[in-house]
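Numbering-wise, my numbering puts 224 at position 194 of the first sequence, and it's gapless, one number per residue. Even glycine gets a Cβ: it sits at the ideal position worked out from N, Cα and C. The model shown is predicted, which means the values in this text are computed figures rather than measured ones. For reference, the structure is listed below as structure tokens.
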Amino acid sequence: MPELPEVETIKRQLARKIIGKKLNKQKITNVRRRGKLLIVDFNNNSSLIFHLKLTGQLLFDGKPSSLTRKVFYFEDGSLLVFNDARKFGWWKIVKNSRAIEKQFGPEALAVKLPAFRNILSRRPNAKIKPLLMDQKFIAGIGNIYSCEILYAAKIHPLRLTRTLNDKETKQIFQNIKKILKAAIEHQGSSVEYYIDACGKKGNFVKHHQVYQKEGQRCRRCGTIIKRIKVGSRSTYFCPHCQSIC
DNA sequence: CAATCGTCCTGCGGGC
DNA sequence: TGCCCGCAGGACGATT
């Protein structure tokens, strides 16, 4: 599932490869990421926006296959293949990307601690895990990294934000940065269909501590990792390290 | 308004 | 072996 680190990996690769190329007579001036969105800007201020959702792939000079839903042809003969097995993903061209971008909360890697505290205080009765995944509050975090962040911070996924003290809030904040940066350094997590713009898998899965580790032992304390449903999403945690109280 | 729940879709794994 | 059922999940819309 492409989350912030996976989209960031694709963004960096595509930026190197397609800035300056022309698509539909328009020149590509930038390739950006906003949350989990990949945004290709053109010189007339329009943008091509992608959301890869669960199974989307963007392959530069990739070979079209049965999974391919769209091929973008650049004027120099190179191309960009958009694959999506489960068809949840989308792309669209907009005259100006500002309206879409402003629906998102601050970038997970850019938000400062006071702003993060403010975000949590606005939702005192929210469970911390679904709130971390709510793009309107913080942009970029999905199911894999919310589990890994809360494990690193030693916070139970069902904790209500009003029960978090200053130290715990800071732990979550610091581990958002730490986990996402580490995942980017390893080109993201290849679970299900994720591959980067060159068709390569990310290496961060072997650094996962809890995600899809149900029944295995916690690497800190040896307790068996549990899986529960939170808002109908699989949620993995260590019942000892991430105690509810 | 905030929080929760159903929905979209398809590949895959378990069970018989 | 092959079929069927249920599960997985981001984000939107409906509901409470």
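Exercise for the section: Quick one: residues in its chain with C-beta nearer than 6 Å to the C-beta of ARG250, no 5 flanking neighbours on either side, listed in chain order? Expected result: CYS271
Handout entry: Inter-residue Cα distance where the pair is THR193 and ALA45
Key = 42 Å
Problem - Three CB pairs or more closer than 8 Å across the region 78-98 and the region 107-121 - result: yes
Problem - Residue environment, GLU222, which counts as buried when at least 16 other CB atoms sit within 10 Å - result: exposed
Problem - Whether GLY218 touches ILE168 by CB criterion (7 Å) - result: no
Exercise for the section: Go ahead and pull the three-state DSSP assignment for TYR241. Expected result: coil
Handout entry: Residues near VAL37 in its chain [Cβ-Cβ closer than 6 Å; skip 5 each side]
Key = ARG63, LYS66, LEU68
Exercise for the section: Excluding the 5 residues preceding and the 5 following ALA145 in the sequence, name in chain order all residues of the same chain whose CB lies nearer than 8 Å to its CB. Expected result: PRO136
Practice task
Report yes if the C-beta distance between ASN205 and ARG263 is below 7 Å; otherwise report no.
Solution key: no
Handout entry: Opposing strand residues paired with LYS57 [DSSP bridges]
Key = LYS52
Practice task
Rank HIS81, ILE49, LEU84 by C-alpha distance to the C-alpha of PHE72 and give the top, closest one.
Solution key: ILE49
Practice task
Indicate whether LYS159 and SER176 have their beta-carbon atoms separated by less than 7 Å.
Solution key: yes
Practice task
Return the Cβ separation of TYR181 and PHE267 in integer angstroms, given the expectation that the two are a contact with Cβ distance under 8 Å.
Solution key: 6 Å
Problem - Own chain, CB closer than 6 Å to ARG99, minus 5 neighbours either side, in chain order - result: PHE112, ASP114
Handout entry: Any beta strand (DSSP E) of 3 or more consecutive residues that is wholly inside the region 100-165
Key = 109-114, 120-124
Problem - Limits of the unbroken alpha helix (DSSP H) element including SER176 - result: 173-183
Handout entry: Counterpart residues of PHE267 in DSSP-defined beta bridges
Key = LYS256
Problem - 7 Å CB neighbourhood of ALA138 in its chain, flanking five on each side removed - result: LEU34, ILE168, ALA169, GLY170, ILE171, ILE206, LEU210
Handout entry: Extent of the continuous beta strand (DSSP E) run through GLN87
Key = 86-90
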